[in-house]
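Colleague: Protein chains in written order, with the working numbering: chain S, 1103 to 1301; chain A, 5 to 98.
From the three backbone atoms N, C-alpha and C, an ideal C-beta is built for every residue, glycine too.
For reference, the structure I am asking about is given below.
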Amino acid sequence: MSHEHRDDTGARFGMWVFLYTEVILFSGLFILYAVSLSKYPVQFAEASHKLNIYFGTVNTLVLLTSSLTIALAVSALQLGRKKQTLILCEITIALALLFLVNKYFEWKAEIGHGIYPGSEHLAEMGAGITVFFNLYYFTAGLHGLHVLIGATLITVVSVLVNKDRVTSDRYVLLENSALYWHLVDLIWIFLFPLYYLIL
Amino acid sequence: MSEHSHEPVPYRTFVLIWAALLVLTGITVAVSRVHLGALNVWVALGIASIKSGLVIFFFMHLRQESRLFRIGLLVLLSILAIFIGMTFLDVLYR
């Protein structure tokens, strides 16, 4: 066997460093949220009521479950259970798509009510509510983009698992994609109560 | 040549963590329906932090990683605390 340069711990740490920067990116938006909330507490509560708590809760359950399935996929591959790994990856991808479909219907309904950045209806409701919805669309939109990227990554990795390029002996690519997916879940864990559950 | 690969985490552990996350989600939703004033946000953030801890330490295998990874997380949290603290020092005392 030819000598191969390989550093799995380094690869994982590199992924973690990247994820730290992702947290910094989103924290900017959460700080904007916090400052605006302290400025417009009443309007934020009123605006939050307009969001559909059922969509938010279902999507929380979807993401938490998808985090479970991808974590299980890593264990399954470590144990050399290729078929199980593939099934778990596929369930994760399906849940990611379900999340996006839910988001589509949620946003469709809201846009149908005239609530979208730059709408006249929103402008009539005043500054506080406009700020809430602008931040909501931007943060949830950026998060949705991450869901799409994560699902794409997991799709690519499951193709590689299928071709035996990612195996029980070298699975850092699956691990790193799983780490990315967990970050997507982490951001939603904060996004959900802050946007959907404010009284 | 397997270098520093982790022991596979048993499925059971992950399923238990998932169940705990679902319970905590239920608690967040339930508590948010009770008027506690400004406390609502802090309770929501507290529960979200516990949930994040579970995801980071178990799902993301931080428990199995070397100290370097934990120091990295600590540095990140310190940066965030400074970032948030400085912002509010400005905003609240303008």
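(1) Does residue 85/A have its Cβ less than 8 Å from a Cβ in chain S?
(2) Between which residues of its own chain and residue 1155/S is the CB-CB distance below 8 Å, once the five residues before and five after are set aside?
(3) Quick check: residue 33/A and residue 1159/S, are their CB atoms within less than 8 Å of each other?
(4) Using a Cβ-Cβ distance under 8 Å, would residue 1291/S count as near chain A?
(5) Judging by CA-CA distance, which residue of 1249/S, 1141/S, 1147/S and 1133/S is the nearest neighbour of residue 39/A?
(6) Please identify the residue among 97/A, 61/A and 47/A whose C-alpha is closest to the C-alpha of residue 22/A.
(7) Does the separation of the CB atoms of residue 1191/S and residue 1173/S fall below 8 Å?
(8) Output the distance between the C-alpha atoms of residue 1286/S and residue 1265/S, rounded to the nearest integer angstrom.
(9) Considering only their Cβ atoms, is the gap separating residue 1125/S from residue 80/A smaller than 8 Å?
(10) Using a Cβ-Cβ cut-off of 8 Å, state whether residue 59/A counts as contacting chain S.
(11) In the DSSP assignment, find the alpha helix (DSSP H) that holds residue 1295/S and state where it starts and stops.
(12) Would you tell me roughly how many angstroms separate the C-alpha atoms of residue 1212/S and residue 1218/S, rounded to the nearest one?
(13) Within a Cβ cutoff of 6 Å, which residues of the same chain sit near residue 1234/S, ignoring the five residues on either side of it in sequence?
Modeller: Checking against the coordinates, here is how it stands:
(1) Position 81 of the second sequence, counted from the first residue, corresponds to residue 85/A. So no, residue 85/A is outside the interface.
(2) Residue mapping note: residue 1155/S aligns to position 53 of the first sequence, counting from 1. Only 1298 and 1299 meet the Cβ criterion.
(3) The residue labelled residue 33/A in the question sits at position 29 within the second sequence. The residue labelled residue 1159/S in the question sits at position 57 within the first sequence. For residue 33/A and residue 1159/S, yes; Cβs fall inside 8 Å.
(4) Walking along the first sequence from the start, residue 1291/S turns up at place 189. At a cut-off of 8 Å, the C-beta of residue 1291/S has a neighbouring C-beta in chain A.
(5) Here residue 39/A is taken as the residue at index 35 of the second sequence, counted from 1. Just measuring C-alpha positions, the residue of 1249/S, 1141/S, 1147/S and 1133/S sitting nearest residue 39/A is 1147/S.
(6) The residue given as residue 22/A occupies position 18 in the second sequence. The residue from 97/A, 61/A and 47/A with its alpha-carbon nearest to that of residue 22/A is 61/A.
(7) The residue labelled residue 1191/S in the question sits at position 89 within the first sequence. The residue labelled residue 1173/S in the question sits at position 71 within the first sequence. It is not a contact, given that the beta carbons lie outside the stated cut-off.
(8) In the first sequence, residue 1286/S corresponds to position 184, counting from 1. In the first sequence, residue 1265/S corresponds to position 163, counting from 1. Rounded to the nearest whole angstrom, the CA to CA distance from residue 1286/S to residue 1265/S is 27 Å.
(9) As a position in the second sequence, residue 80/A is number 76, starting the count at 1. As a position in the first sequence, residue 1125/S is number 23, starting the count at 1. The answer is yes: Cβ separation under 8 Å.
(10) Taking the first residue of the second sequence as position 1, residue 59/A is located at position 55. Answer yes: the Cβ-Cβ gap between residue 59/A and chain S drops below 8 Å somewhere.
(11) For this step, residue 1295/S is matched to residue 193 along the first sequence. From DSSP, the alpha helix (DSSP H) with residue 1295/S extends over 1274-1298.
(12) As a position in the first sequence, residue 1212/S is number 110, starting the count at 1. As a position in the first sequence, residue 1218/S is number 116, starting the count at 1. Taking the straight line from one Cα to the other gives about 7 Å.
(13) In the first sequence, the residue the question calls residue 1234/S occupies position 132. For residue 1234/S, same chain residues with a beta-carbon under 6 Å away, outside a window of 5 residues either side, are 1146 and 1149 in chain order.
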